[in-house]
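Numbering (the UniProt record's numbering), first residue to last: 1 to 248. Written below as C-alpha cells is the structure these notes are about.
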C-alpha cells in the first residue's frame with residue numbers, strides 16, 4: 001500500500017532512482033516506481049494503480065479500451081496544460097524543474113475548449129443582464145467575443161513577447177475558465193430564487209475583479225508587466241460599447 005513515506009517529489013528524487021526512472025517522461029506523466037521489482041509505470045497507468053490500491057476490482061474496468069483511451073487523452077490534456085492551469089511562478093533555476101513539455105495540440109485544444117466553455121456560460125449568464133436593461137443579443141455573440149479575445153491577445157502578445165505567447169494564452173484561458181466557473185453558482189441558484197438582473201450585474205463585476213487580479217498575478221509571474229492586462233480590459237470595454245450601440 002502507498003503512504004506518505006512512499007511519495008517523493010520529482011525535485012528531490014535520489015540519484016539512485018534517476019537511473020531506473022525516465023526522468024524526462026516523469027516530468028509529463030506521474031511515475032510510480034516499485035522499489036522491489038524495479039518496475040516503473042507512468043501517467044494514467046500509475047494513476048490507475050494508485051486509485052486501485054485496496055480495490056483491485058476497479059482496475060479492469062478502467063483498463064477496458066473504451067474507457068482507458070478517453071481517460072488517457074483526458075490525462076494528457078490536463079498534464080500538458082497543468083503549468084498554465086496552476087499559474088505558478090517559474091521554479092528557481094537551480095531546482096530540478098518538474099514542468100511538462102510544451103505540446104501544440106493539447107495547448108490549442110485547451111484554448112479552444114476554454115473559449116467554448118466560457119462562451120457557453122456567458123451566453124446564459126449575460127442574457128439576465130441584457131434583458132434587465134431591455135435588449136437581447138444573438139446566441140453566438142459571446143462565442144465571437146471569447147474567440148475574438150484569443151485572437152486579439154494572441155496578436156498583442158506576439159508583438160510584446162513572442163517567447164511567452166503560448167504560455168500567456170494558456171494562462172489567459174485559465175483565467176477565463178476560472179471566471180466561468182465562479183459564475184455557475186449564481187446561475188444554479190437562480191433556478192430556485194429568480195434573482196434580479198442587477199444581482200447578476202453586481203456579481204459579474206465582482207467576478208471580473210477577481211479575474212483581473214488573477215490576470216495581473218499570472219502576468220507578473222511571466223514578467224509581462226501590465227500591458228497584457230490593459231489590452232485585455234481595452235478589448236472588453238470596446239466590445240461592450242459595440243454591443244450596447246448595436247443591440248440596445
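Beta carbons are placed, not taken as given, at the ideal position from N, Cα and C, and that holds for glycine. Source: prediction; values computed, not measured.
Spatially closest choice to residue i from the options, by CA coordinates
i, options, result
"residue 42", "24, 58, 82 and 122", "24"
"residue 214", "35, 186, 89 and 65", "89"
"residue 245", "126, 30, 135 and 110", "135"
"residue 123", "160, 85, 66 and 187", "187"
"residue 200", "126, 222, 74 and 191", "126"
Buried or exposed by the 16-neighbour rule on C-beta atoms within 10 Å, applied to residue i
i, result
"residue 22", "exposed"
"residue 102", "exposed"
"residue 64", "exposed"
"residue 69", "exposed"
"residue 217", "exposed"
"residue 157", "buried"
Inter-residue Cα distance where the pair is residue i and residue j
i, j, result
"residue 196", "residue 100", "45 Å"
"residue 56", "residue 77", "26 Å"
"residue 1", "residue 236", "Residue confidence for residue 1 is low, a pLDDT of 47 falling below 50, so the modelled location carries little weight and cannot support an answer."
"residue 146", "residue 33", "43 Å"
"residue 149", "residue 131", "24 Å"
"residue 219", "residue 161", "11 Å"
"residue 3", "residue 128", "Here residue 3 scores only 49 on pLDDT, less than 50, and its place in the model is too uncertain to base an answer on."
"residue 67", "residue 203", "39 Å"
"residue 54", "residue 28", "26 Å"
Beta bridge counterpart(s) of residue i as assigned by DSSP
i, result
"residue 33", "40"
* To do: Say whether the segment 224–234 touches the segment 156–174, bearing in mind that this needs 3 or more beta-carbon pairs closer than 8 Å, one atom from each stretch.
  => yes
* Counting Cβ pairs closer than 8 Å, one from the segment 174–187 and one from the segment 207–226, do we hit at least three? -> yes
* Taking three-plus beta-carbon pairs below 8 Å as touching, is the segment 79–91 in contact with the segment 105–121? -> yes
* Flag this pair as touching only if the segment 147–161 and the segment 231–239 have three or more C-beta atom pairs under 8 Å; answer yes or no. => yes
* Asked: Is the segment 162–169 touching the segment 127–140, taking contact as three or more C-beta pairs under 8 Å?
  -> no
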